[in-house]
Each structure stands twice: as structure tokens, then as C-alpha cells.
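**Q** Going letter by letter, the sequence shown gives residues 170 to 357 in our numbering.
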Amino acid sequence: MKVKASLKSIRIAPRKVRLSADLIKGLDVRNALNQLDNTVKGSNADLKKLLESAIANGENNSGIDRNNMYVFDVTVGAGPSLKRWMPKAFGRAGRILKRTSKIEIVLEEREEGKNRKSKEQMEKEKKERQKEREKIEKERQKEREEQDGKEGVETTTEKVEDKREDITGRKENKTKNWTNRIFRRKSM
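(1) Please report the residue range of the beta strand (DSSP E) in which residue 274 lies.
(2) Measuring only the C-alpha atoms, how far is residue 273 from residue 266?
(3) On the three-pair Cβ rule with 8 Å, is the region 197 to 217 touching the region 288 to 306?
(4) Is there contact here, the region 210 to 219 with the region 306 to 315, by at least three beta-carbon pairs under 8 Å?
(5) Using only the heavy atoms of the ligand PLP, determine whether one of them is closer than 7 Å to the beta carbon of residue 294.
(6) Going by beta carbon distance, what residues of the same chain come within less than 8 Å of residue 297, once the five residues before and after it are set aside?
(7) At 4 residues or longer, and completely inside the region 199 to 240: list those alpha helix (DSSP H) runs for me, N to C.
(8) Per DSSP, what kind of secondary structure is residue 256 in: helix, strand or coil?
(9) Kindly indicate the opening and closing residues of the alpha helix (DSSP H) around residue 189.
(10) Tell whether a beta-carbon distance below 8 Å holds between residue 245 and residue 195.
(11) Under three-state DSSP, which class holds residue 178?
(12) Alpha carbon to alpha carbon, how far is residue 199 from residue 259?
(13) Can you name, in chain order, every residue of its own chain whose Cβ lies under 6 Å from the Cβ of residue 326, other than the five neighbours on each side?
(14) Closer than 8 Å by C-beta to residue 254: which residues in its own chain qualify, once you throw out the five before and the five after it? Chain order, please.
(15) Check the C-beta distance from residue 243 over to residue 190 and give it rounded, since I have them as a contact under 8 Å.
(16) Based on the DSSP secondary-structure assignment, which residues constitute the bridge partners of residue 263?
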């Protein structure tokens with residue numbers, strides 16, 4: 170079974186992205202992630218994120234085992250180009266194309282149906298994840314309520330800062346900064 174993930178309008182030229190994309194074609198998913206980690210290219214972070222997204226699509230939507238997947242195909246195409254200009258000699262303007270890429274990764278199973286989850290198992294796991302999310306949300310809500318209660322008490326016990334008026338009639342904060350006592354803009 171094939172699984173797809175795509176990324177559009179990434180602000181790196183397709184020619185540069187293809188260098189990294191060609192490295193991972195045909196590799197197992199784990200090896201492809203290691204390859205992207207250990208090579209230094211600007212597009213590797215985006216490719217890695219896209220590959221992880223494709224893996225998650227396979228696991229969550231189709232129930233495919235992570236260890237049974239490999240990178241079947243990676244296609245890199247040109248996205249829309251941003252047109253800019255650079256001043257040139259004699260009042261002319263030279264055109265600059267800032268190219269963008271669109272990437273599509275296709276993963277496939279090495280052995281068809283090996284360790285694949287059934288629909289019942291997938292729905293069961295989905296319900297468990299939903300219960301965990303609800304539980305975590307309830308805990309966060311309780312913490313927020315406790316913090317709101319504590320903050321209400323703290324705000325009533327805060328010190329009220331003294332404000333005094335200068336000779337000129339301005340209000341000055343008494344505890345603002347110690348440098349204000351030493352360095353003055355005008356002499357007294």
C-alpha cells in the first residue's frame with residue numbers, strides 16, 4: 170500500500186532540494202531519516218519533517234508498520250517563483266527569480282500486509298488517544314483554575330509603590346533605578 174505526503178511552496182530552489190531527495194530514494198524509512206540527519210543541506214530539515222509526516226500518515230491512516238516502510242519515490246517540482254529586481258548599471262534593472270519547490274514523498278511497504286493493523290485495532294488506539302487528550306485537558310484546566318485562584322490573592326497583597334512629585338511637578342517612581350540618583354540629565 171502506498172502512502173503520500175506533500176509539501177508546497179518551500180523557499181528553496183528545486184535544484185538544491187533534489188540533491189537531498191535523491192539520497193533517500195529507495196532507502197528504508199529509518200535509514201532515510203539517518204541519512205537526512207547526517208548530511209548538511211539546507212533542505213534536509215524540511216525533507217525530514219515531510220518524511221516523518223508521511224510515516225505518521227502510514228501508521229495512523231493505513232495501520233502500516235513503521236519498520237516495513239521504505240521510500241518508494243520522491244518528486245521535487247518547481248513551485249511559484251517570486252520575482253524581484255536588482256539595480257544594474259546605466260539605470261537598468263536585472264530580474265531575480267526566487268524559486269520555490271513542491272515536494273511529494275511516496276512510501277510503500279516492503280512486504281505487503283506484514284504487521285499491518287486491522288481497522289478495529291486502529292479505532293481502539295484512536296479512542297485511547299482521545300481519552301488521554303481529554304484527561305490531559307482536564308488536568309490543565311484544573312491547574313489553570315488553581316493558578317487563577319492564587320494570582321487573585323497575590324495581586325491584593327502587592328506593595329503599592331510610593332509616587333512623589335518633583336519640584337517641576339512630574340511624578341517620579343521612588344524605586345525606579347539607582348542610576349537616576351547619580352546621573353542626572355540636568356544638574357540640580
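Every residue, glycine too, gets a C-beta built ideally from N, C-alpha and C.
**A** According to the data block:
(1) 270 to 278
(2) 23 Å
(3) no
(4) no
(5) This structure simply doesn't include the ligand PLP, nor any ligand for that matter.
(6) none
(7) 213 to 226
(8) strand
(9) 183 to 193
(10) no
(11) strand
(12) 55 Å
(13) Low confidence applies to residue 326: its pLDDT is 48, below 50, so where it sits in the model is not reliable, and the reading given next is rough at best. Once the five neighbours on either side are set aside, residue 326 has no close Cβ partner at all.
(14) 262, 263, 264 and 265
(15) 4 Å
(16) 255
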